[in-house]
């Protein structure tokens, strides 16, 4: 019996089937290969983020409580903003592939280190004792140069060092004063530091923190450094609650954009050297370029030395339309408003709540109205 000879149509269908099958196979392998490459890249990025060698930023002392689990230690690192995610710490534990014991006690760690580097510091045991025989110099956030000077053994020499033009130039700071550029932190020295050495350490710490913050917020590099530091100093003096710093920065930028005077009491305190005092109506008449009740725009320069949180807020303010804020009766938080009407309502509420305290104050001067127009 003769074999059936395939027709031209059948040959074309068979050829099309094999072409389709071959293309499907090629696409399947291509997608599989792409998946492997992407998965490999993700794995490499995560592994690099966990294990890379990095230079530390600001020092942070944490205390591991008795009976703390490894998960609790990871959460402690996140709470203190030493790492971004607790999962990175758990991954570092898995990569170490051995039993890890972290003792209770105080540890001096550094922001910016990888999770693997932090783990190595933690397994070595508490580190606070390393500074037991050193001079400890604590600079809180928000102090001005004169306020820092009184904490030193030689305030006059410290003040002279901060005004030394040659020293300022050698540190790469393009201003005539170091106000705003002395990074708050805890510093350790083998002996009482010379004022120039202390100033140098504080400015170098500022530069290290600044570079890290700019890397996190590259868009901020478009602004003048002195303006960013000035805004940060205002935020530092006006905001007490951590979560309000970006909101205060938002108000500052919105008022500047709207050509409104800042009208901030913190600038009066700087001009009058009355830090922490409640400003009264008479204080608003002080003749000073730092008086933001009389002058528009930013003050001529920083009014204090801001910490990392306020610098970050100046670089990354919260989005929104707030133009006003007024203290709440708790003395810590504020009420933020978009319109003058809303703000005036908040002011009236504040005055009602604070009235009992005001009634007990000596009436030597007329209290300032807590209002920004």
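Residue numbers (the numbering used here): 70 to 442.
By construction, the Cβ of each residue, glycine as well, lies at the ideal position given by its N, Cα and C atoms.
Beta-bridge pairing by DSSP links residue 177 to 130.
Setting aside the 5 residues that flank it on each side, residue 412 is surrounded in the same chain by 393, 406, each with a C-beta closer than 6 Å to its C-beta; the list follows chain order.
Going by beta carbons, residue 172 and residue 344 fall outside the 8 Å limit. Per DSSP, reduced to three states, the secondary structure at residue 204 is strand. With a cut-off of 8 Å on Cβ pairs, the region 247-254 is in contact with the region 372-379, counting three or more such pairs.
By the Cβ test, the region 130-140 is in contact with the region 155-171, since at least three Cβ pairs between them sit closer than 8 Å. The alpha carbon of residue 191 has as its nearest neighbour, out of 208, 146, 272, the alpha carbon of 146.
In the DSSP annotation of this structure, residue 231 is not part of any beta strand (DSSP E); the continuous alpha helix (DSSP H) holding it starts and ends at 224-232. Residue 317 has its alpha-carbon roughly 18 Å from the corresponding atom of residue 282. One Cα belongs to residue 189, the other to residue 144, and the distance between them is close to 17 Å.
For residue 256, the uninterrupted beta strand (DSSP E) segment begins and ends at 255-258. Classified as exposed, residue 358 has fewer than 16 neighbouring CB atoms from the shown chains inside 10 Å of its CB. If you draw a 10 Å sphere on the C-beta of residue 352, you find 16 or more other C-beta atoms in it, and that means buried. For residue 322, there is no enclosing beta strand (DSSP E); the enclosing alpha helix (DSSP H) covers residues 314-326. Distance from the Cα of residue 131 is smallest, within the candidate group 304, 176, 219, 101, for 176. Collapsing the DSSP output to three states places residue 303 in a helix. Nearest C-alpha to residue 207 among 386, 226, 235, 267: 267. Taken atom to atom, the span from the alpha-carbon of residue 134 to that of residue 178 is near 16 Å.
Across the structure, residue 203 and residue 260 are spaced so that their CA atoms are roughly 7 Å apart.
Taking all protein chains shown into account, residue 312 has fewer than 16 neighbouring C-beta atoms within 10 Å of its C-beta and is therefore exposed. DSSP links residue 91 through a beta bridge to no other residue.
Under the three-state reduction of DSSP output, residue 97 falls in the helix class. The C-alpha of residue 397 is placed about 35 Å away from the C-alpha of residue 155.
In the DSSP assignment, residue 404 is bridged to 395.
Taken in chain order, the whole beta strand (DSSP E) runs of length 3 or more contained in the region 138-194 are 174-179. By the criterion of a C-beta distance shorter than 7 Å, residue 223 is surrounded in its chain by 264, once the five residues flanking it on both sides are discounted. Out of 212, 244, 274, 228, the CA that lies nearest to the CA of residue 294 is found in 244. DSSP places residue 355 outside both helix and strand once states are collapsed to three, so it counts as coil. By the neighbour-count criterion, in which a residue is buried when 16 or more other Cβ atoms sit within 10 angstroms of its Cβ, residue 98 is exposed. The beta carbons of residue 187 and residue 214 sit no closer together than 8 Å.
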